[in-house]
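K.L.:
The structure follows.
Chains as they are written, first to last, in this note's numbering: chain A, 161 to 819; chain B, 161 to 819.
As structure tokens, then:
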């Protein structure tokens, strides 16, 4: 088979998509089966392709993270090495994103970029398969001498995920060969008779599991299972300043843990791998454990945006109900990782709650991170920004205006940053956006399920071998009308199933001349489809108030506004000039309205609020409406758009007066 | 003069007390002028003397922090050194506490301990005066090679404070000689013609200023001024993971900063030194800057307890109004340091607001840290503890029961810990408690001002040379009646001034057969006093509700209960067995009451509350009183007593229903 043939078949129905379980309730569609044709996500995908991918490569070249591979290859590693020990992983995530983008678009520039980067990476691989630019060579610490924070296996895991993308969008090549050698090295080194260690940052597990699936190598999956079961026995040393072993999820075996805790990205990558292993090994106990942890963490440790991580300290989950809007961490990468977990759980179980959380997280965390030009990003995604610019972490830009020419530690000043010292988020967004269309629908034995709504085309093979082709026409989430046009109907009845989101009230399914109320769950058309017919799902997306559980102390007395899947927020830019976000109370007796494309709430504001009393605690409760308050109609913006116009103060949860 | 004579005179009216400004609005009393005879603080002082001091020495011996000095002296420093780079400072704070305790009690065991420790410290001093066990010797990094985090000058500052205590309670001795050599070394090394650096952790400044006062060495004060003015020009490198230069207060000169920010203890030690320098150099601009920062931070960055530090991340202040009860850091040392600043500002200005904050912080932060037996401590002092034990930082005691035989990172599981990895708080509490009586009153030209209330005796020399002797009889804060008995009245009129706390309502002054209402501020008796007469200040201390400023988002809709100077809290131990702190709403239409010595609030609870909904955000606001709620009378305990009975969940701010 020539490379061209290989590429063609790999992009077909069995080709590009990040997760292909051997079994499960649903079959994910490949890049050859689904494409976006316009709208919210198509625009993000286009910006990702045309701006973000090159942006990431430029920054990694500029900072020397790419040259680290050259130095290993040339034997010129010195005592000073640019970047953190995990900078290799950014290169791998970029390669992964480029590979998916090649699969999505077929444009050869992305293929060329994969080859260009692969060549540099491959040269740095040691003869025995070890590949890392921070350990194991001249002037480096020895291999695996810092399992807690060295991130060697973490980096390898991302290499394997990149190879999976390449394998499924192009075929077996040098990158796949490098990854195979690296995976073999890991199995030889950490196998049952090898070193008994685990990596401080889970990721190798999910990489091994998927590469094992992609190459049909069960021993890679088995090694992932071994790493999973080794974890939770306190073998990682907990350094000072890091919470407990829970930071690493090494305090308790994953089969026993009640909920998610510790470093959020670590926890979620680990959980994703656990689902993979549970599915491949038919391990119902392990799957049930992840489902239980998902249930508990989503019920009590998750933000309205879907964001996870309540603490800057340890980038971690908090306790149940600990969800401060202002210090919400909600790392972009935790949003990506949450989608990874929920997607795997959905494929395994078919439960729609997982697709609900994916939608929420995608629109309100993942889409929030990149600036509209794709060249700056949020790392953390708080739900309340008090100060504009005063709290920038960047010593070189303390005015809060993150410069597009500077590395930012965390972009905490209410503006996105071009690049970060730890720059995990841009490449994570890039690889996710490049595959986003593969999350839109799944196929079953005799059904096609639409999970996410975007204008696009789907040509899917059902489990029974029949093919169905549809076109989706929608301006979702701006508008809630989804029109499914049947382009090619299989012979005999099949089920076309449309997800009605959990937040939707009053949705209507219009098909075959009938209108049916559609409650949250599935709206199903199960009959002989007719080519050319249109099936319409109409989901009301007028703005609505959303109230928090009273146990979430940090949002007591506040209300949020949502519209469709979008969380909205108030930005200081939209306030009357003589007031501030601190002096704002929503009149929740009046529903939010939409007018001329703007979402508006009625609110009381206090003009020229004073600095406050000398001591902020006193004998009388604050009045619901302060003296001298006036009423304004305050425009809100979708949370994912905040700080797009300029750095701003912002809040999602608004103090509310209600009857 | 013999040592004995020296000791005697040093403990006299001009003797023991931590701060003796050259000028100022008020003169602090020395240990020879004031003594406690019983009650709240006398008990804490006794426990400190009989338990805590030995406890600290035992732990530092056991962990090798004391032996670090021996190793330097013996030339046996190796690559492994017990403790953090700043462990020397704990030894110095213990010596300081012992010196003050000797001054307070005159018991020779404390003098012997000072000598014992001094001998070991002195042996480690280099010939040029440099003294540090983590830098500058075999297997150490070079001197001053890590100004950001090496803490060398910080440690020296604590040595100088210890020497001040020794000088003022015993006299010039080996410890003072060591400190003098160390201070001379600092001046020679970092003087106008020396290294231009500053220490990442302020403390050398306050040490130099006070040693300069105690020895009449203006050049020490001048060196402190030099360090202060060097700060704020971004000369300290900001490492990754630490916020901005604000962490070190190196982002902006202290004369320009609007409020307190960054690491709280660093900020407050720096501010204390700034007041010292401002007073000694008659620098009104500098004094005004600290007053402005105090004003702004107390109004918007301070907890009801007086605690400071809203973030675990960076142990730092938050933004204005960022005061989460659950993640409040409120480090015990920041409470100590806040008292240091306020005391200096009170002495300089005579403004009572500083004494008000000292009272609040002493009762609710400093007194909260030590367990009643003086052998375990809180490091952080949050106002809300959600989980009992589940969140312990200690990998070896994840059940949350901090063992008395283990080092704890932060004692975050709702129980005090015997010792910490960074164990700054126990010795800081110890040195503060040993001097607490010197904060009770100050003398002026013709007046004596009582600032804090405790049973005790005062024999003070007024500025005009006359002496007044009084006895204070009170069960404060349990009871609000303060009886001042005049034991010796000076000839001619004088002013006896009693502070009426800012929180007090309806206080009454009873003197000379008359009763006067006493508003917050000063209740003054200005006349010829008569030996044997009694002057009574009666301050109502019935429990009261306190409400937060509505801009403090984290406590919206909540109320706290205070009684006199004490903040109260609800502990899970006191709940009906079938409910939790999460399911509690105070009926704020009913005032808190005191019955049989217990403070009680009326509250609604939900028996057997469920786990909560699958998604904690929904279309309806939570009812003010949940379905099935029943009414209970809930006992509250003083915050400083929480977790005394057992580890517990706790909250100061209680969700409230009010009309």
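Note that beta-carbon positions come from the ideal geometry of N, C-alpha and C, so glycine has one too. Since the model is a prediction, treat every value here as computed from it, not as a measurement.
Given a cut-off of 8 Å, decide if residue 461 of chain B and residue 542 of chain B are closer than it, judged by their beta-carbon atoms.
P.N.:
no
K.L.:
State yes or no: is the beta carbon of residue 776 of chain A nearer than 8 Å to at least one beta carbon in chain B?
P.N.:
yes
K.L.:
Any C-beta of chain A sitting closer than 8 Å to the C-beta of residue 491 of chain B?
P.N.:
no
K.L.:
What separation, rounded to the nearest whole angstrom, lies between the Cα atoms of residue 724 of chain B and residue 502 of chain B?
P.N.:
Their backbone Cα atoms lie some 20 Å apart in a straight line.
K.L.:
Do three or more CB pairs link the stretch 309-327 of chain B to the stretch 243-250 of chain B at distances below 8 Å?
P.N.:
yes
K.L.:
Taking a Cβ distance cut-off of 9 Å, strictly less, list which residues of the stretch 730-743 of chain B are near chain A, in chain order.
P.N.:
742, 743
K.L.:
For a quick check, are the C-beta atoms of residue 194 of chain B and residue 597 of chain B less than 8 Å apart?
P.N.:
yes
K.L.:
Kindly indicate if chain A contains any beta-carbon less than 8 Å away from that of residue 219 of chain B.
P.N.:
no
K.L.:
Within 10 angstroms of the Cβ of residue 259 of chain B, are there 16 or more other Cβ atoms? Answer buried if so, exposed if not.
P.N.:
buried
K.L.:
Using three-state DSSP, classify residue 379 of chain A as helix, strand or coil.
P.N.:
It is helical.
K.L.:
For residue 577 of chain B and residue 634 of chain A, I'd like the C-alpha separation in whole angstroms.
P.N.:
60 Å
K.L.:
When the distance is taken between beta carbons, is residue 435 of chain B closer than 8 Å to residue 450 of chain B?
P.N.:
A contact, by the Cβ cut-off of 8 Å.
K.L.:
In angstroms, rounded to a whole number, what distance separates the CA positions of residue 703 of chain A and residue 759 of chain A?
P.N.:
7 Å
K.L.:
State yes or no: is the beta carbon of residue 706 of chain B nearer than 8 Å to at least one beta carbon in chain A?
P.N.:
yes
K.L.:
Give me the Cα-Cα distance between residue 687 of chain B and residue 652 of chain B, rounded to the nearest whole angstrom.
P.N.:
Looking at the two C-alpha atoms, the distance is approximately 7 Å.
K.L.:
So which of A:800, A:700, A:484, A:469 has the shortest CA-CA distance to residue 529 of chain A?
P.N.:
Ranking A:800, A:700, A:484, A:469 by Cα distance to residue 529 of chain A puts A:800 first.
K.L.:
Can you give, in chain order, each stretch of the beta strand (DSSP E) that sits fully within the stretch 593-653 of chain A and has at least 3 residues?
P.N.:
DSSP runs (the beta strand (DSSP E)) wholly in the stretch 593-653 of chain A: 601-603, 607-610, 615-621, 627-634, 641-648.
K.L.:
Run down chain B in chain order and give the residues with a C-beta less than 8 Å from the C-beta of residue 458 of chain A.
P.N.:
774, 775
K.L.:
Just how far apart, CA to CA, sit residue 192 of chain B and residue 621 of chain B?
P.N.:
11 Å
K.L.:
Would you decide whether residue 616 of chain B is buried or exposed? Buried here means 16 or more other CB atoms lie within 10 Å of its CB.
P.N.:
buried
K.L.:
Quick one: grab the DSSP three-state call for residue 347 of chain B.
P.N.:
helix
K.L.:
Which residues, in chain order, does the stretch 778-792 of chain A contribute to contact with chain B at a C-beta distance below 7 Å?
P.N.:
778, 779, 780, 781, 782
K.L.:
Leaving out the 5 sequence neighbours to the left and right, which residues in its chain are closer than 7 Å to residue 539 of chain B when beta-carbon positions are compared?
P.N.:
491, 492, 570, 571, 580, 585
K.L.:
Does the pairing of the stretch 604-616 of chain A with the stretch 272-290 of chain A give three or more beta-carbon distances under 8 Å?
P.N.:
no
K.L.:
Between residue 771 of chain B and chain A, is any beta-carbon pair separated by less than 8 Å?
P.N.:
yes
K.L.:
Would you please state the rounded distance, in angstroms, between the beta carbons of residue 667 of chain A and residue 712 of chain A? I believe it to be under 8 Å.
P.N.:
Actually they do not touch by this definition, with Cβ atoms about 28 Å apart.
K.L.:
Is the shortest distance between the beta-carbon of residue 710 of chain A and the beta-carbons of chain B less than 8 Å?
P.N.:
Yes, its Cβ sits closer than 8 Å to a Cβ of chain B.
K.L.:
Report yes or no: is there a C-beta of chain B within less than 8 Å of the C-beta of residue 481 of chain A?
P.N.:
With 8 Å as the cut-off, residue 481 of chain A counts as an interface residue toward chain B.
K.L.:
Taking the alpha-carbon of residue 159 of chain B as reference, which of B:791, B:781, B:740, B:756 has the nearest alpha-carbon?
P.N.:
As shown, chain B starts at 161 and ends at 819. That puts residue 159 of chain B outside it, with no answer to give.
K.L.:
With burial defined as no fewer than 16 other Cβ atoms inside 10 Å of the residue's Cβ, what is the status of residue 787 of chain B: buried or exposed?
P.N.:
exposed
K.L.:
Based on Cα-Cα distance, which residue from B:251, B:661, B:695, B:680 lies nearest to residue 669 of chain B?
P.N.:
B:695
K.L.:
Looking at the unbroken beta strand (DSSP E) that takes in residue 520 of chain A, where does it start and where does it end?
P.N.:
Taken as a continuous stretch (DSSP letters only), residue 520 of chain A belongs to no beta strand (DSSP E), being part of the alpha helix (DSSP H) at 512-521.
K.L.:
Within the 8 Å Cβ cut-off, does residue 561 of chain B reach chain A?
P.N.:
Because the pLDDT of residue 561 of chain B is 46, which lies under 50, any placement of that residue in the model is unreliable, and the question is left without a value.
K.L.:
Please decide whether residue 726 of chain B counts as near chain A, where near means a Cβ-Cβ distance under 8 Å.
P.N.:
no
K.L.:
For residue 798 of chain B, does the three-state DSSP call read helix, strand or coil?
P.N.:
Residue 798 of chain B falls in the strand class under three-state DSSP.
K.L.:
Does the stretch 715-723 of chain B come within contact of the stretch 669-678 of chain B, defined as at least 3 CB pairs closer than 8 Å?
P.N.:
Touching, no, given that fewer than three Cβ pairs across the two stretches are closer than 8 Å.
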